[in-house]
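Chemist: FYI, in the numbering used here the residues of the sequence shown are -1 to 257.
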Amino acid sequence: MDVCSESRLGHRAYGVLRASLGQNEGAHRKKQRWGCFFINNSWCDERNLHSIKSFCSPDLEFHMLLCQPFWLPREFTAIIITAVYIPPQANTDQALKELYGHISEQETVYPDAAFIVAGDFNKANLRTIAPRFFQHITINTCGDRALDHCYSPFWDAYRSFPRPPFGKSDHLSILLLPAYRQKLKREAPALREIQCWSDHSDAILQDCFDHVDWDMFRAASDDDIEAYSRHSYVFHQEVCRRRSADKNNPHLPQPKTMD
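(1) Since I believe leucine 64 is in contact with isoleucine 78 (beta carbons under 8 Å), could you give me their beta-carbon distance rounded to a whole number of angstroms?
(2) Residues in the same chain with beta-carbon distance under 6 Å from threonine 80, minus the five sequence neighbours each way, listed in chain order, please.
(3) To the nearest angstrom, how far is it from the Cα of lysine 51 to the Cα of glutamine 104?
(4) Would you list, in sequence order, the uninterrupted beta strand (DSSP E) runs of no fewer than 3 residues that lie entirely inside the stretch 84 to 142?
(5) In or out: histidine 209 buried (at least 16 other Cβ within 10 Å) or exposed?
(6) Identify whether serine 55 lies in helix, strand or coil by the three-state DSSP scheme.
(7) Would you kindly check if the distance between the Cβ of proline 86 and the Cβ of asparagine 120 is under 9 Å?
(8) Do asparagine 46 and alanine 11 have their C-beta atoms closer together than 9 Å?
(9) What residue does the beta strand (DSSP E) around arginine 184 start on, and which one ends it?
(10) Rounded to whole angstroms, what's the CA-CA distance from proline 71 to arginine 143? Just pull it up for me.
(11) Rounded to whole angstroms, what is the Cα-Cα separation between serine 158 and valine 107?
(12) Determine the burial state of glycine 117: buried for a count of at least 16 other Cβ atoms within 10 Å of its Cβ, exposed for fewer.
(13) When burial is assigned at 16 or more other CB atoms within 10 Å of the CB, is glycine 33 buried or exposed?
(14) Roughly how many angstroms lie between the CA atoms of glutamine 92 and serine 167, to the nearest whole one?
(15) Could you have a look at serine 167 and say whether DSSP puts it in helix, strand or coil?
(16) CB-CB under 6 Å to alanine 88, same chain, minus the five flanking residues each way: which ones, in chain order?
(17) Which of the three DSSP states is assigned to glutamine 66 in this structure?
(18) Measuring alpha carbon to alpha carbon, tell me which of Val14, Arg161, Asp211 ends up nearest isoleucine 137.
(19) Restricting to Cα atoms, I'd like to know which of Asp43, Pro163, Leu174, Cys54 is closest to leucine 97.
(20) Give me the DSSP bridge partner(s) of alanine 81.
(21) Note down, in chain order, each residue of its chain lying with its Cβ closer than 6 Å to the Cβ of phenylalanine 113, except the 5 sequence neighbours on either side.
(22) Quick check on glycine 99: buried or exposed, where buried means 16 or more other Cβ atoms within 10 Å of its Cβ?
(23) Mapping DSSP to helix, strand and coil, what is aspartate 146?
Following this line, the structure appears as structure tokens:
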């Protein structure tokens, strides 16, 4: 696996990894086949990328890459991405059987890894042999046909959006965004009234203590010291607190009040 210069193939934000898939028998001579990965450097750098397996035959070409990003949910130890190409004239049954066999081997070796299988499948469909893998690309990628697929074991995990093709390719590139949106992003901020205790409130409270008629509270409490204290506190609190209407998000920690 080679790391290519960003000035030749890539972009400064992406690492470009080119892997030899082997030789395929052409009409008159053997042809060297290559696979290429663009990896966002802020997600995973080349030190945490490891080539697992390459395969090349007239029916199937693929390359597996083990990624250990800077951050992953704790239930995953790594992500294994498989770039696939199945030619239009291929024996799809044989190609899918070969592909799934290699994926199953890696699932045994890395039982806690997340698996993503993506590429140009043409008329093949991985779900015919591996129904627990779900297809996330729901739009046409080449004219009126959906030839490019992306599979993972996670149902309804992504939404697909078209993007311009790379270079002179006749296939669209696809942007996959997580289908799940946090509740924080699904609901609009709410307008609510809060009561705040400011530094100025201390001076107001002290002034209240100097001018209050304490006998009024003592008479209302029937000499019950707890009721007397509670009534006095609530009265002065309502006098001194400042009310304000703030646009706060209900899912974020709110400012403390004197309630």
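Every residue gets a Cβ at the ideal spot worked out from N, C-alpha and C, and that includes glycine.
Just so you know, these numbers come straight off a predicted model, no measurement behind them.
Modeler: Walking through what the data contain:
(1) 6 Å
(2) Phe60, Met62, Val115
(3) 10 Å
(4) 112 to 118
(5) exposed
(6) coil
(7) yes
(8) no
(9) No beta strand (DSSP E) holds arginine 184; the alpha helix (DSSP H) holding it covers 181 to 184.
(10) 35 Å
(11) 30 Å
(12) buried
(13) buried
(14) 27 Å
(15) coil
(16) Asp57
(17) coil
(18) Arg161
(19) Cys54
(20) His61, Ala116
(21) Ile78
(22) exposed
(23) strand
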